[in-house]
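Comments concern the structure below.
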Amino acid sequence: MKKANNKKRFIFWQVIWFIILTTFVGFGGGNAIMPVIKKQAVDKRQWLTEEEFDHVVIITNMLPGASVIEALSYIAIKLLGFWKGMIATIIAILPHCLLAFGLLLLTKYIPKEYLYVIALGILVTIIGLLINFAIRYLKKSFKPLGFTLWFSLFLITLLFSLFIPTPYNMPVFIMLSIIAIFFIVVSIKKKHKKRMELEQQIYKQENVNENTNSGDKHD
660 MKKANNKKRF IFWQVIWFII LTTFVGFGGG NAIMPVIKKQ AVDKRQWLTE
710 EEFDHVVIIT NMLPGASVIE ALSYIAIKLL GFWKGMIATI IAILPHCLLA
760 FGLLLLTKYI PKEYLYVIAL GILVTIIGLL INFAIRYLKK SFKPLGFTLW
810 FSLFLITLLF SLFIPTPYNM PVFIMLSIIA IFFIVVSIKK KHKKRMELEQ
860 QIYKQENVNE NTNSGDKHD
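End of the sequence shown = 878 in this note's numbering, gap-free, step of one.
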């Protein structure tokens, strides 16, 4: 019993450290931190499978709100349960709140030139992480989708994001539209397939009847 309690406590503090480490190391928020989360939660600690992590990325990008907090909360709740997971997440983000407040105060005393240099360095890091993240999912998407379908989805999403004003350009809307279109197309194909199978059965039955009638005439 003591060992089980000690193990739970150890996992609790592990989750807190994981959230602090991931968010301190990662820059940019959103998908820029997802590769860091994958490295820690999937590759190193094996708390999630690659498939489960992919599902987390897709769902958190569809939902409104901060995708990083949603992903980290999911991992914490999965390992610790709802209440402990929420408490661990809140405890882990407190240092960031204090750091952000401290940096806000420091910016009044730091020359702007230094801030520009820091911002440029962080921007390059974010771009590198996003390119790596995009390449990984591009390689995965080409296998099941094919170029034509992939490019069509990319173009529709790009136009939707550029020309639909906020807050109506949330990814969830276009995702739901694509899912609805997909199910409509699949249902039409199934109906067409059933109709073809029924026609083939009728055609075969007619051939059997004709052969039977011709055999009776010969007799």
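For every residue, glycine included, the Cβ atom is placed at its ideal position computed from N, Cα and C.
Residue i versus the options, residue with shortest Cα-Cα distance
i: Ile750; options: Asn866, Thr682, Ile823; result: Thr682
i: Ser836; options: Tyr768, Arg704, Ile815, Ile675; result: Ile815
i: Thr748; options: Val776, Val701, Ala735; result: Ala735
i: Thr719; options: Glu729, Glu710, Phe712; result: Glu729
i: Val955; options: Ile692, Arg704, Asp713, Met721; result: Since the first and last residues shown for the chain are 660 and 878, residue 955 lies out of range.
i: Trp672; options: Leu812, Gly744, Asp713, Ile717; result: Gly744
i: Val716; options: Ala793, Arg668, His755; result: Ala793
i: Ile692; options: Leu757, Leu779, Ile786, Glu710; result: Ile786
i: Phe832; options: Met721, Phe822, Asn690; result: Met721
Coarse secondary structure for residue i, derived from DSSP in three states
i: Thr708; result: coil
i: Ile696; result: helix
i: Lys767; result: coil
i: Leu722; result: coil
i: Gly780; result: helix
i: Gly787; result: helix
i: Ile823; result: coil
i: Gly740; result: coil
Neighbourhood of residue i by C-beta, 8 Å cutoff - its chain only, sequence neighbours within 5 removed
i: Gln699; result: Phe677, Leu680, Thr681
i: Ile670; result: Leu738, Leu739
i: Val684; result: Val695
Chain-order list of residues whose beta-carbon lies under 7 Å from that of residue i (same chain, five-residue window excluded)
i: Leu789; result: Asn690, Ala691
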